[in-house]
Amino acid sequence: MELDKDASFESVVDRLESQGLVHGRAIALGLLVRAGRLDAGMAQCP
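First residue of the sequence shown? That's 0 in numbering that gives the first Met the number 0, and the numbers climb one at a time after it.
So this is what it looks like as structure tokens:
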């Protein structure tokens, strides 16, 4: 999956979950961290 450069965390989660992925939030977190968009130490998953 490619990330839009301005995609918000919630929009990425929505996109993943709309594709039927149960763990969309965790996947989005990983994608954004790998893309350098979030600091892994600061990112918290509820």
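Note that the Cβ used here is the ideal one computed from N, Cα and C, for glycine as well.
- In this structure, DSSP gives Arg36 a state outside helix and strand, which the three-state scheme calls coil.
- Listed in chain order, the non-local C-beta contacts of Ala27 below 7 Å within the same chain comprise Phe8, Val11, Val12 and Leu15, local neighbours out to five positions each way being set aside.
- Counting only the Cα atoms, Asp5 lies some 23 Å from Gly19.
- When DSSP states are grouped into helix, strand and coil, Ala6 belongs to the coil group.
- Look at Leu20 here: in three-state DSSP terms it is coil, with no helix or strand label.
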